[in-house]
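Structure record follows, encoded as structure tokens.
2 protein chains.
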Amino acid sequence: MNNPTMHRIPPCSARAVELETGDELVIVDPEGQQVSDLVAFSRDDLAEYLSSGRSIDYAAKLWLSTGDLLYSNRSRPMFEIVDDTCGRHDFTLTPCSKDTFSIIYGETENRPGCEGNLVSALEPYGITTDRIPIAFNVFMHVAFDPDTGAVAVKPPLSKPGDRIRLRALMPLVAAMTACSAGQSNNFRYKPIDFAVERAG
Amino acid sequence: MNNPTMHRIPPCSARAVELETGDELVIVDPEGQQVSDLVAFSRDDLAEYLSSGRSIDYAAKLWLSTGDLLYSNRSRPMFEIVDDTCGRHDFTLTPCSKDTFSIIYGETENRPGCEGNLVSALEPYGITTDRIPIAFNVFMHVAFDPDTGAVAVKPPLSKPGDRIRLRALMPLVAAMTACSAGQSNNFRYKPIDFAVERAG
Numbered sequence: 001m002n003n004p005t006m007h008r009i010p011p012c013s014a015r016a017v018e019l020e021t022g023d024e025l026v027i028v029d030p031e032g033q034q035v036s037d038l039v040a041f042s043r044d045d046l047a048e049y050l051s052s053g054r055s056i057d058y059a060a061k062l063w064l065s066t067g068d069l070l071y072s073n074r075s076r077p078m079f080e081i082v083d084d085t086c087g088r089h090d091f092t093l094t095p096c097s098k099d100t101f102s103i104i105y106g107e108t109e110n111r112p113g114c115e116g117n118l119v120s121a122l123e124p125y126g127i128t129t130d131r132i133p134i135a136f137n138v139f140m141h142v143a144f145d146p147d148t149g150a151v152a153v154k155p156p157l158s159k160p161g162d163r164i165r166l167r168a169l170m171p172l173v174a175a176m177t178a179c180s181a182g183q184s185n186n187f188r189y190k191p192i193d194f195a196v197e198r199a200g
Numbered sequence: 001m002n003n004p005t006m007h008r009i010p011p012c013s014a015r016a017v018e019l020e021t022g023d024e025l026v027i028v029d030p031e032g033q034q035v036s037d038l039v040a041f042s043r044d045d046l047a048e049y050l051s052s053g054r055s056i057d058y059a060a061k062l063w064l065s066t067g068d069l070l071y072s073n074r075s076r077p078m079f080e081i082v083d084d085t086c087g088r089h090d091f092t093l094t095p096c097s098k099d100t101f102s103i104i105y106g107e108t109e110n111r112p113g114c115e116g117n118l119v120s121a122l123e124p125y126g127i128t129t130d131r132i133p134i135a136f137n138v139f140m141h142v143a144f145d146p147d148t149g150a151v152a153v154k155p156p157l158s159k160p161g162d163r164i165r166l167r168a169l170m171p172l173v174a175a176m177t178a179c180s181a182g183q184s185n186n187f188r189y190k191p192i193d194f195a196v197e198r199a200g
């Protein structure tokens, strides 16, 4: 592996990257308690996307970490998590959006949220809003009450410098955010850093 | 409401129905311990579909029941659950498929599963396999360990005659199955019954 450049995703925005098989995407929480919503699509056929439902079913657990595979809707492995210093991420909720802010927070500013920012980042690939699925919400801390099923969005467990490393298992276009939802990041809208370590 | 006809979905198959705003779809487990995977699309624009991530986020709970709304990916209410005699359904897992059977069960028969059966039922609407999302898995009993996130698929809590009643809040095409996955229905592949009570 070469020594990769670290890139910064400014608060409340998103970036897309192309990955080849074997490339490793490293997502870093530089200041702690920030979330990065990650989506991915197969570059061979953009109709194939990262699927929470398939990944949770095959892993038989809600919270995926080192050694786990992230599957596509076509049941093919897209990523392997090869390192994870945080250990807690969410894979059940859709990216925040202007409607999320309206319905949950009563906001009226029409901020694009992670959904709109992902669409902007993926615009060169023709990925429209309707095709943004449930994201792999890196560092997002969602707890469930086992008796009632109640969902609680808590401050992330990530500390400054915590990172997750994902190895691409097929040619992908991935996009990730510095999250715009106050509840997800303890109402401190911070940046996210990432690097791509090329396999070649 | 008129006195609706009850229709039977044979084991390991699916049916589609068109609903107008205000129509009520009643899904019945006639023998108990059977699951029905439900998906829905807006008839005004089939790119709008029933979204687990949106619904769980807005309800702030994993397990939806009487009084809860099921939202689309565009954050519009598609259904209201107006009655529910079972009270436990899943909204986290994708429909079983030939790949599910291969990966989880080691099966080699290439049975279509709920995914393939939903695609067959929705063929007149041009809904292809890639567009089958996480379903609202009626009567499916999925438990989560609050400490580890481990997922356990258990026999449904539904007893013979248990039913859920969903009111359509926009013109919809919905499709539902009699589930093909052994783990979901305690390895007894039973039928599902349904009726549509027209608002008019």
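Chains A and B are the protein sequences, given in the same order.
Residue 199 in the UniProt record's numbering sits at position 199 of the first sequence, and the numbers go up by one each step.
Residue 165 in the UniProt record's numbering sits at position 165 of the second sequence, and the numbers go up by one each step.
Glycine residues also receive a C-beta, built at the ideal position from the N, C-alpha and C atoms.
Backbone CA spacing between residue i and residue j [nearest angstrom]
i, j, result
"B/I81", "A/S180", "31 angstroms"
"A/T148", "A/P4", "45 angstroms"
"A/A178", "A/R131", "20 angstroms"
"B/P146", "A/A152", "12 angstroms"
"A/D83", "A/R163", "8 angstroms"
"B/A168", "B/P124", "20 angstroms"
"B/L46", "A/S52", "21 angstroms"
"B/N117", "B/D68", "27 angstroms"
"A/P77", "B/C96", "17 angstroms"
"residue 238 of chain B", "A/L50", "Since the first residue shown for chain B is 1 and the last is 200, residue 238 of chain B is missing from the structure and cannot be characterised."
"B/G200", "B/F79", "17 angstroms"
"A/S65", "B/A60", "24 angstroms"
"B/C86", "B/A150", "23 angstroms"
"A/F144", "A/D44", "36 angstroms"
"B/T92", "B/V35", "14 angstroms"
"B/S75", "A/T129", "12 angstroms"
Which of helix, strand or coil DSSP assigns to residue i
i, result
"A/D193", "strand"
"A/I164", "strand"
"B/A181", "coil"
"A/N73", "coil"
"A/E115", "helix"
"B/S102", "helix"
"A/E123", "helix"
"A/D130", "helix"
"B/S36", "strand"
"B/D23", "coil"
"B/D44", "coil"
"A/R15", "strand"
"B/D83", "strand"
"A/A135", "coil"
"A/D145", "coil"
"A/M57", "It should be pointed out that residue 57 of chain A corresponds to Asp in this sequence rather than to Met. In this structure, A/D57 counts as helix in the three-state DSSP scheme."
Chain-order list of residues whose beta-carbon lies under 7 angstroms from that of residue i (same chain, five-residue window excluded)
i, result
"B/F101", "E107, R111 and G113"
"A/R88", "W63, H141 and L157"
"A/N73", "E48, Y49, S51 and R54"
"B/I127", "F41, L46 and V119"
"B/R188", "Q33"
"A/Y71", "S51, R54, S55, Y58, P77 and M78"
Close-in-space but distant-in-sequence residues of the same chain around residue i (CB under 8 angstroms, 5 per side omitted)
i, result
"B/P155", "Q33, H141, N185 and N186"
"A/V196", "P4, V17, L19, D23, E24, L25 and V26"
"B/I104", "Q183"
"A/T21", "A168, L169, M170, P171 and A199"
Sequence-distant residues of the same chain with beta carbon closer than 6 angstroms to residue i, five excluded per side
i, result
"B/E31", "P160 and K190"
"B/D193", "M6, R8, V28 and P30"
"A/T94", "I134"
"A/D90", "N137, M140 and V142"
"residue 203 of chain A", "Past the edges of chain A, shown from 1 to 200, lies residue 203 of chain A, and the structure says nothing about it."
"A/E115", "P95, S97 and I132"
"A/C12", "S180 and Y189"
"B/R165", "E24, V26, V82 and D83"
**Report entry** Residues, ordered as in the chain, of the segment 102-133 of chain B that lie near chain A by beta-carbon distance below 9 angstroms
**Finding:** S102, I103, I104, T128, T129, D130, R131, I132 and P133
Query raised in the report: Taking any Cβ of chain B, which residues in the segment 172-183 of chain A have a Cβ under 9 angstroms from it, in chain order?
Result: none
**Report entry** Interface residues of the segment 20-49 of chain B facing chain A [CB-CB below 9 angstroms]
**Finding:** D45, A47, E48 and Y49
Query raised in the report: Which of the residues in the segment 67-101 of chain B, read from start to end, lie with their CB under 8 angstroms from any CB of chain A?
Result: N73, R74, S75, T92, L93, T94, S97, D99 and T100
Query - Selection of the segment 54-65 of chain B by Cβ proximity to chain C, strictly under 7 angstroms - result: Any reference to chain C falls outside this structure, whose protein chains are A and B.
Query - Selection of the segment 137-150 of chain A by Cβ proximity to chain B, strictly under 8 angstroms - result: A143, F144, D145, P146, T148, G149 and A150
**Report entry** Interface positions of the segment 156-169 of chain A facing chain B (Cβ-Cβ less than 8 angstroms), listed along the chain
**Finding:** none
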